[in-house]
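Since the structure comes first, as structure tokens, the remarks are kept for the end.
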């Protein structure tokens, strides 16, 4: 049973997450030959003050 965790900044729409879930699930089922019902995705949405890139908080960008 493949399990995928996606961590990203808050702010994506429900439709964007639906599309991402569908596309990642399709890639896993095609690559690994597993049934889509066996693929689980977790979305972890983070506040931008909890993410830093290149030494700067995203909230300060």
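Numbering (my numbering), first residue to last: 135 to 195.
Quick reminder that beta carbons are idealized off the backbone N, C-alpha and C, glycines included.
Residue environment analysis places residue 159 among the buried positions, since at least 16 neighbouring C-beta atoms fall within 10 angstroms of its C-beta. In the displayed model, residue 152 falls within a helix according to three-state DSSP. Remark: C-beta atoms of residue 174 and residue 135 approach each other more closely than 8 Å.
Beta-bridge partners of residue 178 (DSSP): 141. Under DSSP, residue 160 takes part in no beta bridge, so it has no partner.
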